[in-house]
Amino acid sequence: MLSFSFKNRIAFNYILSSSILIAIVFLSIFTIVKYSVNQHINEEIQEELYKHLDDVSTDSNDTYLIQVDQWRAREHNSISVNPVFVEFYDNNKQLIDKSPNLKNSNVELLENSKNNKFSDTKLNGIPIRQIQTPIINKEKVVGYLVVAMSLEDFEIVQILKNILLISYPLILILLFLIARFFAGKSIKPVSTIIDTSSQITKDNLKTRIPLPVNKDELYVLSQNINNLLDRVENAIEREKQFTSDASHELRTPLAVMKGTMEVLIRKPRDQKEYEEKINFCITEVDRLNHMVDQLLLLARFENQKQNIKNETIYLNAIILDNLTRFSSKIENKKLKVNTEFSEDFYIQSDNYLVSIVISNLISNAIKYSNKNGEININLVNNNNQISFSIADKGIGISPVDIDKIFNSFYRSDVTNHAEIKGTGLGLSIVKRLCDLLKLEIAVESKLNQGTTFILSFPLAKLK
Ligand code: ADP
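In my numbering, the protein residues as written are 127 to 589.
Spelled out as structure tokens, the structure:
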């Protein structure tokens with residue numbers, strides 16, 4: 127198929143509609159002019175016919191006489207733009223008299239069926255229109271009057287036809303070129319978008335499409351592409367950051383362990399020192415293990431969408447199960463955990479994934495609580511939503527950090543609380559799962575006073 131540029135297509139569509147419109151206008155002009163010229167000639171011939179019928183009188187022998195003098199005089203005096211040819215015939219169709227302008231030529235008398243009708247014939251090769259009428263006396267045909275007029279006036283119709291036929295394609299070509307020019311001008315921003323977007327590559331994501339001056343659809347398109355580029359750039363930036371953070375977080379404990387062991391084998395040590403360093407390495411290996419597990423979990427969620435289960439979950443039980451899992455840690459820190467479930471809550475969701483979210487929130491509440499602290503867990507029906515809240519009275523989060531805690535590897539206040547170990551991945555997993563399960567998560571916190579995480583489950587899923 128012929129490939130048409132967008133510019134040419136706009137111009138072509140414009141021309142298509144214009145050509146129909148112009149054709150209708152031209153055809154109307156032509157028809158009106160042709161009709162009025164035709165009408166005009168017919169009226170003139172008719173008028174001449176009546177005039178010359180007046181020049182006819184009948185004598186007592188029922189033969190008709192032409193008042194030749196009157197006729198000639200009038201012929202002489204009247205001004206006629208178009209020559210009128212007149213002929214009188216007797217009832218035997220023999221020519222009696224004719225206008226002098228006919229000289230040696232004759233307008234042919236046609237058969238009777240053509241009486242009182244306009245007929246287009248030729249006189250010496252020149253097109254003429256003629257009409258003939260029988261001269262009647264006492265209901266008897268006594269002769270014939272023929273009036274003819276040259277159709278030279280009609281030439282104007284032919285000229286008009288030629289002008290219209292020639293100007294039609296010329297006008298269309300001109301209109302096409304004009305339309306193409308303006309279409310080119312109006313889609314110029316599209317060319318800019320094409321040029322700019324072809325410059326944008328994986329390594330050059332900074333370039334943006336210049337916004338057109340007019341705030342039209344192309345402005346919105348350019349703006350949307352720029353916003354999309356912003357999002358892509360941010361996503362790639364986050365991806366890069368995640369990879370570099372991940373490699374850093376994985377290498378650091380490995381380097382620490384390597385260093386510890388290198389120092390350890392440099393000279394013989396006592397049993398206690400060996401135990402101490404090996405235990406340190408075991409803790410680091412555990413932490414590494416935990417981090418790798420969490421990284422794998424995060425990677426899995428990327429393609430999780432299709433695999434989300436939709437099962438009935440007894441929310442109260444999940445919370446209690448997870449608390450049981452952490453009972454030794456709760457005991458070690460001598461924490462007081464209060465649970466208040468206003469009723470039995472069931473939801474439709476993925477049991478395993480919801481359990482990961484709740485377990486992370488409980489684990490953090492325990493981890494960031496001070497010794498002998500208190501944790502309050504509530505499960506209530508709040509404004510047609512099931513609201514799960516977990517509030518600790520621990521170290522809290524500063525307002526500066528609170529927006530970043532869901533970012534991967536982000537750990538606030540690490541230096542002040544070096545004793546609290548973590549990977550900075552837990553909340554990032556929680557956030558991704560909440561997005562995946564369409565749960566709302568909110569956090570309120572005051573530094574050194576405590577933190578509350580609130581999870582909202584839609585009540586529609588409540589059984
Ligand atoms: P991790 O706990 O392994 O460091 P998280 O992603 O679970 O990683 O948490 C990110 C950061 O958010 C933590 O480093 C901590 O500073 C802060 N945080 C999370 N939960 C709490 C909490 N309950 N109390 C105080 N700070 C918290």
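Ideal placement from N, C-alpha and C gives every residue a C-beta, glycine not left out.
From the DSSP output, which residues share a beta bridge with D223?
Taking the sequence shown and counting its residues from 1, the one referred to as residue 223 is at position 97. According to DSSP, D223 bridges with F214.
Could you have a look at P336 and say whether DSSP puts it in helix, strand or coil?
Taking the sequence shown and counting its residues from 1, one reaches residue 336 at position 210. Of the three classes helix, strand and coil, the one that applies to P336 here is coil, per DSSP.
Alpha carbons only, please: which of K287, I167, F583, I254 is nearest the one belonging to T438?
Translated into the one-based positions of the sequence shown, residue 438 becomes position 312. The shortest Cα separation from T438 among K287, I167, F583, I254 belongs to F583.
Using CA atoms only, rank isn't needed, just tell me which of C560, N433, I484, K493 is closest to N458.
On the sequence shown, residue 458 is found 332 positions in, with the first residue counted as 1. Of C560, N433, I484, K493, the residue nearest in Cα terms is K493.
When L191, P209, T369, D470 are compared against Q256, the one with the closest alpha-carbon:
Within the sequence shown, numbered from 1, the residue matching residue 256 stands at position 130. Q256 has its Cα closest to that of P209, out of L191, P209, T369, D470.
If contacts are defined as beta-carbon pairs under 8 Å, then V151 and L286 qualify, I think. What distance do you get, rounded to the angstrom?
Residue 151 sits at position 25 when you count from the first residue of the sequence shown. Residue 286 sits at position 160 when you count from the first residue of the sequence shown. Contact doesn't hold; Cβ gap of about 13 Å is too wide.
When we look at the beta-carbon of I282 and count the other beta-carbons within 10 Å, is it buried (16 or more) or exposed?
Position 156 of the sequence shown, counting from 1, holds the residue named residue 282. Exposed: under 16 other Cβ atoms inside 10 Å.
For the putative contact between D518 and A491, defined by C-beta atoms under 8 Å, what is the C-beta separation to the nearest angstrom?
Against the sequence shown, residue 518 aligns to sequence position 392. Against the sequence shown, residue 491 aligns to sequence position 365. Yes, D518 and A491 are in contact; Cβ-Cβ is about 4 Å, under 8 Å.
Coil, strand or helix - V463 by DSSP:
Here residue 463 refers to the residue found at position 337 of the sequence shown. Strand, per DSSP.
Just to confirm my understanding: we take N486, look at its own chain, exclude 5 residues before and 5 after, and list those with CB closer than 6 Å. What are they?
Within the sequence shown, numbered from 1, the residue matching residue 486 stands at position 360. For N486, where only same-chain residues beyond five positions count, the Cβ hits under 6 Å are G552, V556.
CB V268 to CB N218, shorter than 8 Å?
Here residue 268 refers to the residue found at position 142 when the sequence shown is read from its first residue. Here residue 218 refers to the residue found at position 92 when the sequence shown is read from its first residue. No. Outside cutoff.
Say whether the segment 461 to 470 touches the segment 414 to 427, bearing in mind that this needs 3 or more beta-carbon pairs closer than 8 Å, one atom from each stretch.
no
Nearest-angstrom Cα separation, counted from E213 out to E237
Position 111 of the sequence shown, counted from the start, is the residue given in the question as residue 237. Position 87 of the sequence shown, counted from the start, is the residue given in the question as residue 213. Looking at the two C-alpha atoms, the distance is approximately 15 Å.
Counting only runs of 4+ residues fully inside the segment 232 to 295, write out the alpha helix (DSSP H) ranges in chain order.
none
How many whole angstroms separate the CB atoms of K455 and G522, which I take to be in contact at a CB cut-off of 8 Å?
On the sequence shown, position 329 is the one that residue 455 refers to. On the sequence shown, position 396 is the one that residue 522 refers to. Contact doesn't hold; Cβ gap of about 19 Å is too wide.
Between the alpha carbons of L585 and N352, how many angstroms are there, rounded?
Working through the sequence shown from its first residue, we reach residue 585 at position 459. Working through the sequence shown from its first residue, we reach residue 352 at position 226. Using only the alpha carbons, I get a separation of about 38 Å.
Answer yes if the segment 143 to 157 comes into contact with the segment 219 to 236, meaning at least three C-beta pairs across the two stretches below 8 Å, and no otherwise.
no
Buried or exposed, going by whether 16 or more other CB atoms sit within 10 Å of the CB of P315?
Numbered from its first residue, the sequence shown carries residue 315 at position 189. Answer is buried; the Cβ neighbour count reaches 16.
For E343, report the span of its alpha helix (DSSP H) as first-last.
Your numbering for residue 343 matches position 217 in the sequence shown. Taken as a continuous stretch (DSSP letters only), the alpha helix (DSSP H) holding E343 covers 343 to 392.
Can you find the residues in the same chain that come closer than 7 Å, C-beta to C-beta, to R306, ignoring five residues on each side of it along the sequence?
Counting from 1 along the sequence shown, the entry for residue 306 is found at position 180. K133, N134, A137, listed in sequence order.
Looking at C-alpha atoms only, which residue of S370, K240, I292 is the closest neighbour of V272?
As a first step, residue 272 must be located in the sequence shown, where it is residue number 146. The residue with the shortest Cα to Cα distance from V272 is K240.
Touching or not, the segment 408 to 416 and the segment 378 to 392, by the rule of three or more beta carbon pairs under 8 Å?
yes
Determine the direct distance from the alpha carbon of L179 to that of N250, and round the result to whole angstroms.
Translated into the one-based positions of the sequence shown, residue 250 becomes position 124. Translated into the one-based positions of the sequence shown, residue 179 becomes position 53. Spanning the two alpha carbons is a distance of roughly 26 Å.
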